[in-house]
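Participant: First residue of the sequence shown: 137, per our numbering; consecutive thereafter.
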Amino acid sequence: MAFVLIAPGRASADIVARGVHDGSLALGAKGTPYVAYMHGKSLLVATRTGAGRWHAEVADSVSAGSQLMAFEVGAAGPVALVLSGDSRRLNLVRKRLPGWQTIRLNTKLAGRGYLGWPGLTLDRAGLPLVAYTRWNSGNFKSQLLLSRINAKGGVSTTRITAEGFPQSYVPPPAEPVIVGGRVHVLESYGYRGTVATFEWFPQKHTWTGLGIDAGLGDFPLGPVFGGIGPDGYLHAAWTESLIPLASAPVTLATRGRISDSTFILDRALTTGLALTGTGAEVAANEWVSPDDIGVSGQKYLWAGTIVHRRSIVELDGWLAGLAVAPRGARDVLLGGAAGLNWYRSPRRLTTRVTIEASDQGDGTVDVSGGVSGVGSGKVVLYRERPSEKRVAVATVNLSGGAFSFVDDAPVVRPILYRAVYTDPRTGIPYAALLREPITDTG
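1) Would you report the Cα separation of Leu552 and Ala261, rounded to the nearest angstrom?
2) Just list the residues that DSSP pairs Pro169 with in beta bridges.
3) Please give the ranges of any beta strand (DSSP E) in the segment 401-456, keeping only runs that are unbroken, at least 3 residues long and fully inside the region.
4) Does DSSP put Ile296 in a helix, in a strand, or in coil?
5) Would you list the one or two residues that DSSP bridges to Lys177?
6) Can you have a look at Lys435 and say buried or exposed, based on whether 16 or more other CB atoms are within 10 angstroms of its CB?
7) Could you tell me if Asp498 is buried or exposed, where buried requires 16 or more neighbouring beta carbons within 10 angstroms of its beta carbon?
8) Whose C-beta lies closer than 8 Å to the C-beta of Asp396 among residues of the same chain, with five residues either side of it excluded?
9) When you compare only the Cα positions, how much space is there between Ala138 and Leu204?
10) Have a look at Pro565, Tyr518 and Gly464 and flag the residue whose alpha-carbon is nearest the alpha-carbon of Val507.
11) What is the DSSP secondary structure of Leu233, counted as helix, strand or coil?
12) Among the residues of its own chain, which have a CB less than 6 Å from the CB of Leu369, if the five just before and after it don't count?
13) Just confirm the distance between the C-beta atoms of Gly475 and Ile239, as a whole number of angstroms; I'd bet it's less than 8 Å.
14) Would Leu256 and Arg270 be called neighbours here (beta carbons separated by less than 8 Å)?
15) Out of curiosity, what's the CA-to-CA distance linking Ala567 and Val548?
16) Please state the DSSP three-state secondary structure of Leu381.
17) Is DSSP giving Pro309 helix, strand or coil here?
18) Within 10 angstroms of its Cβ, does Pro144 collect 16 or more other Cβ (buried), or is it exposed?
19) Rounding to the nearest angstrom, what Cα-Cα distance links Leu469 and Ala211 in this structure?
20) How many whole angstroms separate the CB atoms of Val460 and Ala493, which I take to be in contact at a CB cut-off of 8 Å?
21) Quick one: give me the first and last residue of the beta strand (DSSP E) that Val198 is part of.
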C-alpha cells in the first residue's frame, strides 16, 4: 500500500505525516530524505519525491505498542528496526523487490527477559549489522549480541559478552560502528551508582571492551548514537539518568588515541548525532514537566535542541532527527502540533532565539528577547503550560534583532512563554522556551 503526500508550499518545509509526532530520518546516497514512522499498527516509510511531495509505503504491520528503534538507508534501500511493545521481540524490516521483508532477529526470551535499545548500521553493500542486548530483570545480567543479515535474509549472530556482564538496572542500549572495515559495538549500562560506556572490538578469537566514559549516575536513558567522523575519531552521544539531582545529562564522548567526554546538556533526551567536518552535532530534546511548575498532567513541553561545540540552537517542537545533507546542508525532522515536518537548511543551524519574562507587579508580564543574526522579521509569542494547548498571544516585530511585549491578560498562573521565529527561507521554527514560570508571586 502506498500514499502520495503533497505538502503546501512553504520554502523547504514539508509536512511528512499529519497527526504523527515522532519518527526517524535518514538520507540516501544522493541526499534524498527518507522518514520512517509508526501510525497505528503500521510501520511506514516515506520518501521525498519532489518539492512538497512525499511517497509513503506501509512497510510492515506491527503489534500494538511497537516502537521504531532505528532507521538507515543504504545501497540496498531503507532498513528499520522495530521492537514490540513488551520489549521481547525485535524485527528488522527492509525494502526488497518487490515489497518489504520482515526478519525476526532474537530467539525466544525467558520469562524475565527483555531486549535493550538496539543499534543499526549498514555495510557498503547496504547489508544490516544490528547490535542489541538480552537482559534479565531478576538479576540485572545482560548479554551483548551482534547480528549480521545477508542478502537472502539469513541471520548470523555473534555473542560479544558472557556470564551476564555487565549488570545493569535497565537493558543496556547498543550501537554498531564500522571502524577501519571492522565492526565495533558501543554499549552503555548503569549499576550501583555508576554509568559507563564501552567500545567493544574484535581481538583474535574474542572481544575486548575499552571504556570511553564512566562516572556517577543511575542508568542510560534511550539509545546510544555513534559513528566515525571526518576527523577519523569515534564520536558517541547518549543520555543518562542522575535521579538524586533530578537531571538527565547528555554526554558527548570522543575517542581518538585517548577518550574524552563531557556533559553538553543538563537534562534532555538524545535523538541524533550528525558528524561533520567542523565537529559533532548532537540532537536532543529538553523538557518542562508538569511537576517542574507545579501543575497536574502527564504531557511535557519539549524544546528541540542542537548542540555544536559551544553553540546551542533551540527549535519549536520535538527534534526527531538531524542529518548532514550534500554540500554542507542540514536536514531536520521536527514533530509539532500539525504532525511530522521535514526541513532543509543550506548550512549548519546557527540562529539562536532568547527570551526573558518578568512580572510587573500589576498583573502584567513583560516579555522580551532577541534573534541572533536577524535584524528584522516577526516573532510569535505563546503562553504555554504542560498538558494544555498553547495560546498565541502576540506577533511582534523585531527591531535590531530584539523584541518586547507586555502581556496584560495572563489570567492563569503559573505560566511559561515561548518565542518562535520562523526563517522565511527555510521554514525552520527557531525558538526559546522559558524555563522558569511566572507565578502568582512573580
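Even for Gly, the Cβ is constructed at its ideal location relative to N, Cα and C. None of the values given here were measured: they were computed from a predicted structure.
Facilitator: Result, derived from the coordinates:
1) Numbered from its first residue, the sequence shown carries residue 552 at position 416. Numbered from its first residue, the sequence shown carries residue 261 at position 125. Leu552 and Ala261: Cα-Cα distance of roughly 50 Å.
2) By 1-based counting over the sequence shown, the position of residue 169 is 33. Pro169 pairs with Leu163.
3) 404-412, 415-424, 437-444 and 447-452
4) Position 160 of the sequence shown holds residue 296. For Ile296, the secondary structure class from DSSP, reduced to helix, strand or coil, is coil.
5) Counting from 1 along the sequence shown, the entry for residue 177 is found at position 41. Answer is none; Lys177 lacks a bridge partner.
6) In the sequence shown, counting from the first residue as 1, residue 435 sits at position 299. Result: exposed.
7) Sequence index remark: in the sequence shown, residue 498 carries index 362 (1-based). In the assembly as shown, Asp498 is an exposed residue. Its beta-carbon has fewer than 16 other beta-carbons within 10 Å.
8) As a working note, residue 396 is residue 260 in the sequence shown. In the same chain as Asp396, and ignoring 5 residues on each side of it, the C-beta atoms closer than 8 Å to its own belong to Ala389 and Thr390, in chain order.
9) Position 2 of the sequence shown, counted from the first residue, corresponds to residue 138. Position 68 of the sequence shown, counted from the first residue, corresponds to residue 204. Low confidence applies to Ala138: its pLDDT is 49, below 50, so where it sits in the model is not reliable, and the reading given next is rough at best. Using only the alpha carbons, I get a separation of about 19 Å.
10) Counting from 1 along the sequence shown, the entry for residue 507 is found at position 371. Among Pro565, Tyr518 and Gly464, the Cα nearest to that of Val507 is on Pro565.
11) Counted from its first residue, the sequence shown places residue 233 at position 97. Secondary structure at Leu233: coil, using DSSP grouped into helix, strand and coil.
12) Here residue 369 refers to the residue found at position 233 of the sequence shown. It should be noted that the sequence gives Tyr, not Leu, for residue 369. The residues are Thr390 and Gly392.
13) Translated into the one-based positions of the sequence shown, residue 475 becomes position 339. Translated into the one-based positions of the sequence shown, residue 239 becomes position 103. Not quite, the Cβ-Cβ distance comes to about 30 Å (not below 8 Å), so this is no contact.
14) In the sequence shown, the residue the question calls residue 256 occupies position 120. In the sequence shown, the residue the question calls residue 270 occupies position 134. Contact flag unset, no.
15) Position 431 of the sequence shown, counted from the first residue, corresponds to residue 567. Position 412 of the sequence shown, counted from the first residue, corresponds to residue 548. Near 23 Å, if we compare the C-alpha coordinates of Val548 and Ala567.
16) Counting from 1 along the sequence shown, the entry for residue 381 is found at position 245. Helix, per DSSP.
17) Counted from its first residue, the sequence shown places residue 309 at position 173. Correct three-state label for Pro309: coil.
18) Here residue 144 refers to the residue found at position 8 of the sequence shown. Bear in mind that a pLDDT of 39 at Pro144, under 50, signals an unreliable position, so the model cannot answer this.
19) Looking up residue 469 in the sequence shown gives position 333. Looking up residue 211 in the sequence shown gives position 75. Answer to the nearest angstrom: the Cα atoms are 22 Å apart.
20) What you label residue 460 is simply residue 324 of the sequence shown in a count that begins at 1. What you label residue 493 is simply residue 357 of the sequence shown in a count that begins at 1. That belief does not hold up - the Cβ atoms of Val460 and Ala493 are roughly 35 Å apart, past 8 Å.
21) Here residue 198 refers to the residue found at position 62 of the sequence shown. Note, Val198: premise wrong, no beta strand (DSSP E); not H, not E.
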